[in-house]
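Enquirer: The structure that follows is given in the form of structure tokens.
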Amino acid sequence: MKCDRAQEWFSSLIDGSIRPAEKVVLEAHLTTCRSCAADVERLRTMWHALDAMPQLDPPTTLRATVWQRIEAAGSQAAAAAEPAPRFVVRSPRLIWIRSLALGAAVVLLAALATVSVPGKYRTAAFSSLFGHLAGPQRNTPIVEATLVRSAEASSVVDITIALSGQSHDVASAVAELITGSEVLASQEVPLRSGRGQTSIAAPAVGSAELSVRVVWRDPNGAERSFVSPVRIR
Amino acid sequence: MTELAHEDRSRNREGDDDAALIAACQAGSKEAFDRLITKYQRRVYTFAYRLTGNAEDAADVAADTFVRLYTSLGSFRGHSSFVTWLYRVVTNLYLDSRKKKRVRQTQSLDEMVELEESSVQRQYDDDRPSPHEIAEGNERTAALQQAIASLPEYQRVMVVMYHVDGMAYEEIAEALQLPIGTVKSRLNRARLALRHKLEPIREQYGL
Ligand SMILES: [Zn+2]
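So the sequences go chain by chain: A and B. Here my numbering = 1-based position in the first sequence + 1. Here my numbering = 1-based position in the second sequence + 8.
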């Protein structure tokens, strides 16, 4: 056996995964080749030294840095997506929601989008996308809720719901605008091949918390829903 | 929010915990994601430190790793274990950061599979950790760290995965999307190369 061939088996000799037949050949070589025998022993020493290298404490600021970057990425993406934002979107989750929807949404998401409107309530627009897990190995409907207008307290809030996804996933759907436990408005989402869109108009509720709930039936008749809070202040 | 079923059952207890945690993250729980950071930050940071050889770059790569996780957890479907997926993310971010630093030496994770052995026999002398960065304050560890830093990137990644993090060959193969035989033979060559690099200081540090 040649030394360079023997070397190929050094690691498996040390980690014990070497085949018995190979081991016999290699050990025979090691008894006659002092150079290789020494190499194996040095390799073994290095191996244990590497294994003993300690874990290190991360900087205490690491978590904060992560959240800062998530937040920064969220507002950048939101700014890029809106042509003329007149408000500040402060939801780091927004970018997640977007990327999730783009990458074929997997799970139920409750999205909290905080829209800060400077001064009084002015025309504002933002969109967020929600995905829902319809079940394992099934294409999931994607639900998009767009707050079209948030106006003076006496005015209206329009919410557009777009259901899309594989047609067999969505049999029927209802969109609701809710605050607390009160349903302010409810609207059937007309579906064609499992896709549909609607708007809900409801009295604006000032700084109260609004939620959009979408309820749909899958073809088996099972009711599925999600709620996504939309806070306007 | 009860319908967060995953397609694959995780293999072990930790995997089960991860599955629940990830499902909660995917459902929008920031608290769950915070727990995920807390759980893995030490491993991720250590891995990044052993690869980059300095605290600043390691913290940068580690932070970016979690940001990437946050934005792409939605596409994680549990076909691979979370840990191997996590390591794939860190590795790619590390390789990307290297790529930015050295435009000429392009080695993405995919490209590196194709590379000829001879084309990656480079040494990076400037990767030496400065004395104050050697957090462990142990000369032998520092010597090992320096030797690891002089390995070509793909060897470095494997050595750190196996020896520092204690990943199994199977996990490394999954993380790097390489056949297990390739991982084993490359790791053997990486160890031999590392030992060769350590030879001049072997007696000094009892290696
Ligand atoms: Zn020999």
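Backbone N, C-alpha and C define an ideal beta-carbon position, used for all residues, glycine too.
Could you spell out where the beta strand (DSSP E) holding Leu185 of chain A opens and where it closes?
Expert: Start at 1 with the first residue of the first sequence, and residue 185 of chain A comes out as number 184. Secondary structure note for Leu185 of chain A: its beta strand (DSSP E) is the uninterrupted segment 183 to 190.
Enquirer: If contact means a Cβ-Cβ distance below 9 angstroms, which residues of the region 87 to 98 of chain B contact chain A?
Expert: none
Enquirer: Which one of A:Thr61, A:Glu183, A:Val190 has the shortest CA to CA distance from Ser173 of chain A?
Expert: Within the first sequence, numbered from 1, the residue matching residue 173 of chain A stands at position 172. Among A:Thr61, A:Glu183, A:Val190, the Cα nearest to that of Ser173 of chain A belongs to A:Val190.
Enquirer: Kindly provide the chain-ordered list of residues whose Cβ lies closer than 7 angstroms to any non-hydrogen atom of ligand 1.
Expert: A:Cys4, A:Ala7, A:His30, A:Cys34, A:Ser36, A:Cys37
Enquirer: When burial is assigned at 16 or more other CB atoms within 10 Å of the CB, is Val91 of chain B buried or exposed?
Expert: Stepping through the second sequence from its first residue, residue 91 of chain B is reached at position 83. The residue in question, Val91 of chain B, is buried, as its Cβ has 16 or more Cβ neighbours within 10 Å.
Enquirer: Hey, could you find the ends of the alpha helix (DSSP H) Val25 of chain A is sitting in?
Expert: Sequence index remark: in the first sequence, residue 25 of chain A carries index 24 (1-based). First-last of the alpha helix (DSSP H) with Val25 of chain A: 21 to 33.
Enquirer: Just list the residues that DSSP pairs Val41 of chain A with in beta bridges.
Expert: Position 40 of the first sequence holds residue 41 of chain A. Partner(s): none; Val41 of chain A has no beta bridge.
Enquirer: Which same chain residues, not among the five before or five after Val69 of chain B, have their C-beta less than 7 angstroms away from its C-beta?
Expert: Locating residue 69 of chain B in the second sequence gives position 61, where the first residue counts as 1. Cβ neighbours of Val69 of chain B beyond the five flanking positions: Ala56, Thr60, Val98, Leu101, Tyr102, Ser105.
Enquirer: So, Ile15 of chain A versus Arg45 of chain A, is the Cβ gap smaller than 7 angstroms?
Expert: Numbered from 1 along the first sequence, position 14 holds the residue referred to as residue 15 of chain A. Numbered from 1 along the first sequence, position 44 holds the residue referred to as residue 45 of chain A. Yes. Within cutoff.
Enquirer: Quick one: grab the DSSP three-state call for Ser158 of chain B.
Expert: Position 150 of the second sequence, counted from the first residue, corresponds to residue 158 of chain B. Residue state, collapsed to three classes: coil.
Enquirer: Tell me whether Ser173 of chain A sits in a helix, a strand or coil according to DSSP, three-state version.
Expert: For the purposes of this step, residue 173 of chain A is identified with residue 172 of the first sequence, where counting begins at 1. If DSSP states are grouped into helix, strand and coil, Ser173 of chain A belongs with the strands.
Enquirer: Answer with buried or exposed for Val215 of chain A, where buried requires no fewer than 16 other C-beta atoms within 10 angstroms of its C-beta.
Expert: Start at 1 with the first residue of the first sequence, and residue 215 of chain A comes out as number 214. Buried.
Enquirer: Would you say Ile19 of chain A faces chain B, with C-beta separation under 7 angstroms as the test?
Expert: As a position in the first sequence, residue 19 of chain A is number 18, starting the count at 1. Ile19 of chain A does not count as touching chain B.
Enquirer: Distance cutoff 7 angstroms, beta carbons only. Does Met54 of chain A sit that close to anything in chain B?
Expert: Here residue 54 of chain A refers to the residue found at position 53 when the first sequence is read from its first residue. Closer than 7 angstroms: yes.
Enquirer: Just to confirm, are Arg43 of chain A and Arg203 of chain B a CB contact at a threshold of 7 angstroms?
Expert: The residue you call residue 43 of chain A lines up with position 42 of the first sequence. The residue you call residue 203 of chain B lines up with position 195 of the second sequence. Yes, the pair counts as a contact, with Cβ atoms nearer than the cut-off.
Enquirer: Alpha carbon to alpha carbon, how far is Thr61 of chain A from Ile30 of chain B?
Expert: Taking the first sequence and counting its residues from 1, the one referred to as residue 61 of chain A is at position 60. Taking the second sequence and counting its residues from 1, the one referred to as residue 30 of chain B is at position 22. Within the model, the alpha-carbon separation for Thr61 of chain A versus Ile30 of chain B is close to 23 angstroms.
Enquirer: If you scan the region 42 to 74 of chain B from start to end, which runs of the alpha helix (DSSP H) of 4 or more residues do you find wholly inside it?
Expert: none
Enquirer: Taking contact to mean 3 or more Cβ pairs, one atom from each stretch, closer than 8 angstroms, check whether the region 19 to 34 of chain A and the region 162 to 179 of chain B are in contact.
Expert: no
Enquirer: What three-state label does DSSP hand Leu178 of chain A in the structure shown?
Expert: Within the first sequence, residue 178 of chain A is the residue found at index 177, counting from 1. Three-state DSSP puts Leu178 of chain A in a strand.
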